[in-house]
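**Q** Handing you this structure, nothing more for now.
Number of protein chains: 2
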Amino acid sequence: MSAAARDPPLAQEDLLLAAAYVYDAQYNRNIPFETSPQAVRLYYLYNHWTMQAATYFFIFVDLFLAVFEDPAVYPLPFLATSLVEVLCLLVFFGRLVHFAKVTPRNVFWKDTKNICIMIAILVTLIDLIIYGALKISNVNSIRWSRFLRPIFLINFAESRQIRRVFRSIRNTLPEITYVFLLFMFSVLMFSLMALKLFGDRNLRTVEGSPYFTNYLEIVFDLYVLVTTANSPDVMMPAFDFSWWYSLFFITYVVINTYLFMSVFLAVVYNNYRKHLKNEIRKLAYMKRHKMVEAFNILKVKEGTEFVVKEAQWKQLVKLVAPDISTSHRELLLRVSDEEQKGYVDKKAFVRLADLLNIQVIAMRIQTHPLEHWMPHVYNSAVSLFIRSMVQHKGFVWTYDVIILINAVFIALDEENPLISYAEWVFLSLYIIEILLKVYTYEPRAFFAKTQFWNWFDTSIIIAALVATILNTSLKSASQYNSQQVLDIVFILRVLRLIRIVDSIQRFRVIMNTLINIVPTMLTFGGLALVVYYMFAIIGMELFQGKIQFFSRNSTAHHALECGNPALKDSLFARAKYCKNNFNDITSSFGPIQSPPKSMERRPTPLTSMRSKWRKKCDLSSLHFLSVLVLNFILLANGFALVTHQAAKLYFIAFHVVVVIMIINILIAFILEAFFVEYSLEKSEVETAIERKIQELGVGIQEEELRDGKLIDNMETNENDLGGEEITKKKSKGLMFKIASKRYRTVDALLQRMFEAEILPEDDGPSVDEILNLSPADVYPKNPTFDSAA
Amino acid sequence: MSAAARDPPLAQEDLLLAAAYVYDAQYNRNIPFETSPQAVRLYYLYNHWTMQAATYFFIFVDLFLAVFEDPAVYPLPFLATSLVEVLCLLVFFGRLVHFAKVTPRNVFWKDTKNICIMIAILVTLIDLIIYGALKISNVNSIRWSRFLRPIFLINFAESRQIRRVFRSIRNTLPEITYVFLLFMFSVLMFSLMALKLFGDRNLRTVEGSPYFTNYLEIVFDLYVLVTTANSPDVMMPAFDFSWWYSLFFITYVVINTYLFMSVFLAVVYNNYRKHLKNEIRKLAYMKRHKMVEAFNILKVKEGTEFVVKEAQWKQLVKLVAPDISTSHRELLLRVSDEEQKGYVDKKAFVRLADLLNIQVIAMRIQTHPLEHWMPHVYNSAVSLFIRSMVQHKGFVWTYDVIILINAVFIALDEENPLISYAEWVFLSLYIIEILLKVYTYEPRAFFAKTQFWNWFDTSIIIAALVATILNTSLKSASQYNSQQVLDIVFILRVLRLIRIVDSIQRFRVIMNTLINIVPTMLTFGGLALVVYYMFAIIGMELFQGKIQFFSRNSTAHHALECGNPALKDSLFARAKYCKNNFNDITSSFGPIQSPPKSMERRPTPLTSMRSKWRKKCDLSSLHFLSVLVLNFILLANGFALVTHQAAKLYFIAFHVVVVIMIINILIAFILEAFFVEYSLEKSEVETAIERKIQELGVGIQEEELRDGKLIDNMETNENDLGGEEITKKKSKGLMFKIASKRYRTVDALLQRMFEAEILPEDDGPSVDEILNLSPADVYPKNPTFDSAA
């Protein structure tokens, strides 16, 4: 993979600017502030993927400590967890110091996120010391600083996306607050009406308690109705009394669920869009600013204009992107210096960061290794027949039919020996398919990193093969089906069927859009993790031990009411929701006493192992993950468990944060991603490169690509060919191609669109102006027909 | 109200074109095809509001027939309902004939909606005859044509908006279908996985039935999980078994609920936008086309260019808008003929429809009637003090505090006599407030039709006053609180509190946007009515009698299982959902046997009346409205009642149509409305009129308006002042003002934006081209930064 092909951890323009300083320093013209070759090395080190991976590793270690801390799933001594935590804090501190080294001092100290991290480290240390001291003197306190842990995930420089979502939430807050107050006003009004309409009727709920007599309870019930979680239970008593009252609930649902929830989405989406555009405008201006600065460092006077000489340009590119091939560099030079004048002018120079960011794939047209080793066999009649057969459409259709038959077989009963043999047949058919394809197409092309489906197929098949063999050998060796292995085998078998989607053109398009969304979805994964983690920590401190889970056959006291007399005869207990609790799983409730009867039909050794495994599995539920699940569940229906006021507030807060804010931002993001997909086009810079590639005759046709005859460029500096003429490469089979047009994110696309609107001679506003740009400026004074709707 | 001020039922440009023909005909230059003064009168008659109201009345009569038809809520003999239905059909046919008279023949027969109506009338008649004949010979059949009734609601020309939503749904279908297939594929895959993972475990659901063993049942359960209706019940057995399996459900919910549902919204929204723009472009071009045609009829040669003479222009405007004042007409002429050359050129003429559509309010600055009648008293020191007091901000704040105190009193117990007296105090306080305001501000200004909140306040207070007096007199006369009257009093009291929202600026803005959305929300009301009606009719035929409702104390057999042995011990019956049924309410179940004990604490006459009333009310539930409620409920949680396969398909169809299509279009519409609000601006034509108003010195300041010193123009043709100079009016206190900028709908705004982009000299494409414009052409070739996101 070439440097230009991957998304750089640090923006290209930052690297270019730093490199320009370095280059300048090397030639001793002047030594700029705090910049030296060592600084660039530190820069590289800071952005090296291992350093980033290490940072993330320690962040997750820190987050996962909750599993081992009291109340623990796997209890570890306080000393152990605190040592690990101190280690994590040290790593964070080291990372921060490293960052300070590569950043100008004033920039570093102005940045809130650095201050945030420092305060979080300090506070955590203080909390650790206090907690430890109290523990030694046997006083139990609360490790409240655990609540701060997600701060590290948010604030480390790599999590730019998460931070932007947080900023977006913060910016949306004022507008959301007003709509929320209006919404709450509406809920309060309806509650008052409900109190007057139903309070005097002496109606009873299904559980027999008075219906709609306490104002605050009505408010909560109606709030929950907005989530539709307690519908229709909450309306049934009124509905049974007279159906006219259903009009009340219909009005309520229309206004508060449909209207207000849509308004929330509209406000969130509109703000998301506005702030996204503003951030992107800032980014685009900053980039332009840095490129102009780099140009000013390197420029020399040539005739009437300032330019950068070809030699300096090459040195700079080598410094910034050391691992791209010479031919690729030559190509870029040709694009930047169209008329081969020996220098690059300002207009072309400021595009350099974009040029380096474009994925240009250099490919060698290669022959199949088998053709290379034994051309006679590979080109024999039989071989040619096989190859043309594999390339035929019928081959794909045949395998689609096989997949469908396989789906039916999967659904059939496993116990039938014929069916389990069929599994082997299918597995071999799939393996044969892959082997045939590799035989026909060039293996390196087949496994190129753009070939998502080939990778997917192969890994699924190999994993299924390994798991099935493992399972069979386990079975024959110990007469025992490992349940975990079996589960994995089942899942892999079903996943295999996904491949059929790829055969249908229309589905492939939608799938590609969805796959493009995945990287940014991970941002929301991070966001969700942060929010759920915080709620889980709070929930654990507030509600642990309130509800307990008993196995089905438990004879323990209070088993039927989840260990809480208040839940006796409640629908909650009757519907067996007891496992939806906030306990750490190892707390005082009775161990699982016996597996359900149905589990006992297999031989004894199996049963005992299985019951042991089940016991372990139940005991080992990671606490906060189960809370995460719980919250998913609560969101949908579990509000019923709420019995006291603090809990109600907790759940309303959860609903506001998760549903009104985060889910809406997620939806806004998906909407945006789809709309951008609809208006996707080639950028001007890409077009320039493509034109140059075509001019030089080193382009490649899409059809050839589809035949899989191409490979990624594996060329390194070793086979660097110096200033050789690019066109010569053609005879060597080296070709260029712009990589997939679909890799772009929403941000990248918007940034490109905005950049297209900055004039080439425009240097943009000053840095201070850029940082103070407000979203209100983004909106055009006169919206056009196309932009308005 | 002047004609120019209300939204004309027929577009201004159509009227103008017709009037141009008429004018032309009067002067005998040529008689155009099918146009005569009588034709214009027919045109007016067709578009008269009484004719439209009558059409809607009969449409709703036709729809409500379901209440009286077998299975009926109030059974009526078949002869009666069928006669009413025939009457309705006759009215529809007459309306259609009338429409044919005012439409060119070829246009009429090309229009699908006319054909639709004719076929529906014919089919309904045939069905009526067959059903009647079978009924006479005592064979029971199904009145299947009832399913077609909503067609009349959709297809009559007034329901343009509903038709557009339907067209939008139809156009979105292909894209939605592919996403839906992919979504179903995902559900099927997860179901297969669930079958393999849980099918062999012998798990049991809460109700004790096998868990996840039948593939089709799993598919249905997981489909329902997408609506979150059966969460967490559907996952509890797996979750109890091992928490690891919750990962399966989390993955499922993330992919299918969050991801796919957002994709549905994105696809629907994108298509809605695209088709909306296309329709609006068509409308704009058609308008331009008609205006050019009208111009061509009236044009005369003046120097080098074709123009319309001032006299003809005035005649035309008089013909088209007979009820606008002369001064208003003069103003429009001044705008059209800027330089007072005595004629209107083509560019100005094509704007005429827009000019007539702008709400220009002509106002006379009027003195308070009291000042007129008794100036001494009205301008006395006491009166002045009162008036300045009322205008003071403190007055508003005082009443805000009063409202808050009132809210507390409403929440308190009604039985306390002190509280019920307090109600009188509050009522009088509110009446005093209104009287004071009317005393201070000009009454006609106070009750101007733009003063929404004044109208709202006054009507609520008067209604509350009437209801409270009625209730008190009923109570003192018969010792009996009429429950209905009391309910109304309660609701009115609570509604009074809404006023507090109007005092807070930020809330007022949001409220205004919401109020602006209301008219188009009614379109969705119509749409929902159509869809629910169809589903109700089908549901009634399929499921009537399957579930029965028994009152709480019923001793009837099967009372506990809703009359259906299959529901015995089900959570459905236990949660008392039995009233969620598809029966007509008069069917065989036992009458309510005794009111709950709690109702008996009042004196005997009251109890007997109340129980009688309750009985009537329970018996009289309009069947299909209860189904409508039911569907609301089902959507949320009632999927549990589904016991056989046909019902499952019915509910999946309902979910797809209502949630995936209609709710998403509703959300798309609300999003669009909010975005348009953000980019609202004055149009070019409005600016021209405003400039002219200012130039002529007949403008009015916003501040004066806020003081409520202005009234709507009540001037008619009687005090027509001929060609008098407009500026003279000023001395008479007549002023002009462009009406509220916020009245506009999304459509109107988009149309205006698009028109601004058509060049004045552009006549637009031909009619055929206009009708064949495709949405794909709307997207710009090069999206700009602002339009993309």
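Protein chains in written order, with the working numbering: chain V, 1 to 789; chain E, 790 to 1578.
The beta-carbon is built from N, C-alpha and C at its ideal position, and this holds for glycine as well.
Nothing here was measured: the structure is a model prediction, and the numbers come from that model.
Using the C-alpha atoms, what's the distance from residue 84/V back to residue 68/V?
**A** Mapped onto the first sequence, residue 68/V falls at position 68. Mapped onto the first sequence, residue 84/V falls at position 84. Roughly 11 Å separates the two Cα atoms.
**Q** In whole angstroms, give me the CA-to-CA distance for residue 130/V and residue 1284/E.
**A** The residue labelled residue 130/V in the question sits at position 130 within the first sequence. The residue labelled residue 1284/E in the question sits at position 495 within the second sequence. Roughly 55 Å separates the two Cα atoms.
**Q** Could you spell out where the beta strand (DSSP E) holding residue 302/V opens and where it closes?
**A** The count along the first sequence starts at 1 and reaches residue 302/V at position 302. Per DSSP, residue 302/V belongs to the beta strand (DSSP E) from 300-302.
**Q** Taking beta-carbon pairs under 8 Å, can you tell me which members of the segment 1045-1059 of chain E lie near chain V?
**A** The residues in question are 1047, 1048, 1051, 1052, 1054, 1055, 1056, 1058 and 1059.
**Q** Buried or exposed: residue 377/V, going by 16 or more other Cβ atoms within 10 Å of its Cβ?
**A** Within the first sequence, the letter at position 377 stands for residue 377/V. Counting Cβ neighbours within 10 Å, residue 377/V comes out exposed, since fewer than 16 surround it.
**Q** With 8 Å set as the bound, which would you pick, yes or no: does the beta-carbon of residue 215/V sit closer than that to a beta-carbon of chain E?
**A** Residue mapping note: residue 215/V aligns to position 215 of the first sequence, counting from 1. True, the Cβ-Cβ gap to chain E drops below 8 Å.
**Q** Can you give me the Cβ contacts of residue 306/V inside the same chain, cut-off strictly under 6 Å, excluding the 5 residues immediately before and after it?
**A** Position 306 of the first sequence, counted from the start, is the residue given in the question as residue 306/V. Answer for residue 306/V: 299, listed in chain order.
**Q** Using the beta-carbon count (16 or more within 10 Å), is residue 1365/E buried or exposed?
**A** Residue 1365/E sits at position 576 when you count from the first residue of the second sequence. Residue confidence for residue 1365/E is low, a pLDDT of 49 falling below 50, so the modelled location carries little weight and cannot support an answer.
**Q** Using the beta-carbon of each residue, which ones in chain V are nearer than 7 Å to residue 1276/E?
**A** Working through the second sequence from its first residue, we reach residue 1276/E at position 487. The answer, in chain order, is 197.
**Q** Can you list, in chain order, the residues of its chain with a C-beta nearer than 8 Å to that of residue 831/E? Leave out the 5 residues immediately preceding and following it.
**A** Position 42 of the second sequence holds residue 831/E. So the qualifying residues of the chain are 887, 890 and 891.
**Q** Using 8 Å as the Cβ pair cut-off and three pairs as the minimum, do the segment 430-437 of chain V and the segment 368-385 of chain V touch?
**A** Short answer: they don't touch.
**Q** Just how far apart, CA to CA, sit residue 601/V and residue 1000/E?
**A** Locating residue 601/V in the first sequence gives position 601, where the first residue counts as 1. Locating residue 1000/E in the second sequence gives position 211, where the first residue counts as 1. Residue confidence for residue 601/V is low, a pLDDT of 31 falling below 50, so the modelled location carries little weight and cannot support an answer.
**Q** Chain E partners of residue 407/V, CB-CB under 8 Å?
**A** The residue given as residue 407/V occupies position 407 in the first sequence. What residue 407/V touches in chain E: 981.
**Q** At what residues does the beta strand (DSSP E) containing residue 1094/E begin and finish?
**A** Here residue 1094/E is taken as the residue at index 305 of the second sequence, counted from 1. That run of the beta strand (DSSP E) goes 1094-1098.
**Q** Round the Cβ separation of residue 1229/E and residue 1180/E to the nearest angstrom and send it over; I've been treating them as touching at under 8 Å.
**A** Position 440 of the second sequence, counting from 1, holds the residue named residue 1229/E. Position 391 of the second sequence, counting from 1, holds the residue named residue 1180/E. Confirmed, Cβ separation roughly 6 Å.
**Q** Going along chain V, which residues have a C-beta under 8 Å from residue 1290/E?
**A** Residue mapping note: residue 1290/E aligns to position 501 of the second sequence, counting from 1. Chain V residues near residue 1290/E: 182 and 185.
**Q** So, does the CB of residue 808/E fall closer than 8 Å to a CB anywhere in chain V?
**A** Mapped onto the second sequence, residue 808/E falls at position 19. No, because no Cβ of chain V sits closer than 8 Å to the Cβ of residue 808/E.
**Q** From what residue to what residue does the alpha helix (DSSP H) around residue 223/V run?
**A** Taking the first residue of the first sequence as 1, we reach residue 223/V at position 223. 215-226 is the span of the alpha helix (DSSP H), which, as asked, contains residue 223/V.
**Q** For a contact meaning CB atoms closer than 7 Å, what does residue 1200/E contact in chain V?
**A** Residue mapping note: residue 1200/E aligns to position 411 of the second sequence, counting from 1. Simply 192, 195 and 215.
**Q** Does the Cβ of residue 921/E have 16 or more other Cβ atoms within 10 Å, making it buried, or fewer, making it exposed?
**A** Start at 1 with the first residue of the second sequence, and residue 921/E comes out as number 132. The residue is exposed, with fewer than 16 neighbouring Cβ atoms inside 10 Å.
**Q** If we call anything under 8 Å between Cβ atoms a contact, is residue 437/V one with residue 447/V?
**A** Translated into positions along the first sequence, residue 437/V becomes position 437. Translated into positions along the first sequence, residue 447/V becomes position 447. Taking 8 Å as the Cβ cut-off, residue 437/V and residue 447/V do not qualify as a contacting pair.
**Q** Rounded to whole angstroms, how far is the Cβ of residue 1286/E from the Cβ of residue 1194/E, which I believe are closer than 8 Å?
**A** Reading the second sequence from its first residue, position 497 is the one you call residue 1286/E. Reading the second sequence from its first residue, position 405 is the one you call residue 1194/E. Not really, about 11 Å apart at Cβ, beyond 8 Å.
**Q** Taking contact to mean 3 or more Cβ pairs, one atom from each stretch, closer than 8 Å, check whether the segment 1303-1310 of chain E and the segment 1207-1216 of chain E are in contact.
**A** No contact exists between the segment 1303-1310 of chain E and the segment 1207-1216 of chain E.
**Q** Thinking C-beta only, is residue 533/V closer than 8 Å to residue 122/V?
**A** Here residue 122/V refers to the residue found at position 122 when the first sequence is read from its first residue. Here residue 533/V refers to the residue found at position 533 when the first sequence is read from its first residue. No. Outside cutoff.
**Q** In angstroms, rounded to a whole number, what distance separates the CA positions of residue 49/V and residue 55/V?
**A** Sequence index remark: in the first sequence, residue 49/V carries index 49 (1-based). Sequence index remark: in the first sequence, residue 55/V carries index 55 (1-based). Between residue 49/V and residue 55/V, the C-alpha separation is close to 10 Å.
**Q** Exposed or buried, what is residue 808/E when buried is set at 16 or more other beta-carbons lying within 10 Å of its beta-carbon?
**A** Taking the first residue of the second sequence as position 1, residue 808/E is located at position 19. Answer is buried; the Cβ neighbour count reaches 16.
**Q** For a cutoff of 8 Å on Cβ pairs, would you count residue 1460/E as touching chain V?
**A** If you number the second sequence from 1, residue 1460/E lands on position 671. Cβ-Cβ to chain V under 8 Å: yes for residue 1460/E.
**Q** Could you please give the first and the last residue of the uninterrupted beta strand (DSSP E) stretch that includes residue 344/V?
**A** For this step, residue 344/V is matched to residue 344 along the first sequence. 343-345 is the span of the beta strand (DSSP E), which, as asked, contains residue 344/V.
**Q** So residue 798/V is in the alpha helix (DSSP H); what residue range does that whole segment cover?
**A** The question about residue 798/V has no answer, for chain V in this structure spans 1 to 789.
**Q** Would you mind working out which of 866/E, 913/E and 1144/E sits nearest residue 882/E, comparing C-alpha positions?
**A** Working through the second sequence from its first residue, we reach residue 882/E at position 93. That would be 913/E, whose Cα lies nearest to the Cα of residue 882/E.
**Q** Starting from residue 786/E, follow its DSSP beta bridges and name the residues at the other end.
**A** Outside the modelled stretch of chain E, which goes from 790 to 1578, sits residue 786/E, for which no answer is possible.
**Q** Starting from the C-beta of residue 500/V, find all residues in its chain whose C-beta is less than 6 Å away, skip the five residues before and the five after it, and write them out in chain order.
**A** Position 500 of the first sequence holds residue 500/V. The answer, listed in chain order, is 400 and 403.
**Q** Suppose you measure from the CA of residue 173/V to the CA of residue 116/V; what does that come to, to the nearest Å?
**A** Here residue 173/V is taken as the residue at index 173 of the first sequence, counted from 1. Here residue 116/V is taken as the residue at index 116 of the first sequence, counted from 1. So the alpha carbons of these two residues sit roughly 21 Å apart.
**Q** Please report the Cβ distance between residue 1049/E and residue 965/E, rounded to the nearest whole angstrom; I am assuming they are in contact, meaning their Cβ atoms lie under 8 Å.
**A** Taking the second sequence and counting its residues from 1, the one referred to as residue 1049/E is at position 260. Taking the second sequence and counting its residues from 1, the one referred to as residue 965/E is at position 176. The pair is not a contact, with the Cβ atoms about 11 Å apart (cut-off 8 Å).
**Q** Just to check my reading of the structure: residue 1041/E and residue 1011/E have Cβ atoms closer than 8 Å, yes? What is that Cβ distance to the nearest angstrom?
**A** In the second sequence, counting from the first residue as 1, residue 1041/E sits at position 252. In the second sequence, counting from the first residue as 1, residue 1011/E sits at position 222. Right, their Cβ atoms sit about 7 Å apart.
**Q** Would you tell me roughly how many angstroms separate the C-alpha atoms of residue 1458/E and residue 266/V, rounded to the nearest one?
**A** Against the second sequence, residue 1458/E aligns to sequence position 669. Against the first sequence, residue 266/V aligns to sequence position 266. Rounded to whole angstroms, residue 1458/E to residue 266/V spans 10 Å at the Cα level.
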